[in-house]
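Residues in the sequence shown are numbered consecutively from 24, following the numbering used here. Every residue, glycine too, gets a C-beta built ideally from N, C-alpha and C. What follows is a set of notes on a single structure, which appears directly below.
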Amino acid sequence: MKTNFFKKLFIKISKIFGYQIIDQNQFVSPTLEKKLNDDLSIINDNSIVLPLGKLK
């Protein structure tokens, strides 16, 4: 139960600082609330390319 709390807290802190997290076990991005087979890029904001990272 404590690990779930810390996981949610870490995700919220990451969102505040603008970082994107990718859960490689389940292939989801909890900060973007998308699965990795969805389009992760946001038009006119940022482009996320796997496995290379994020371009602004």
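Take the alpha-carbon of residue 65 and the one of residue 46: they are about 19 angstroms apart. Out of 36, 35, 33, 54, the CA that lies nearest to the CA of residue 43 is found in 54. In the DSSP assignment, residue 30 is bridged to no other residue.
Excluding the 5 residues flanking it on each side, residue 37 has same chain C-beta neighbours closer than 6 angstroms at 44, 54, in chain order.
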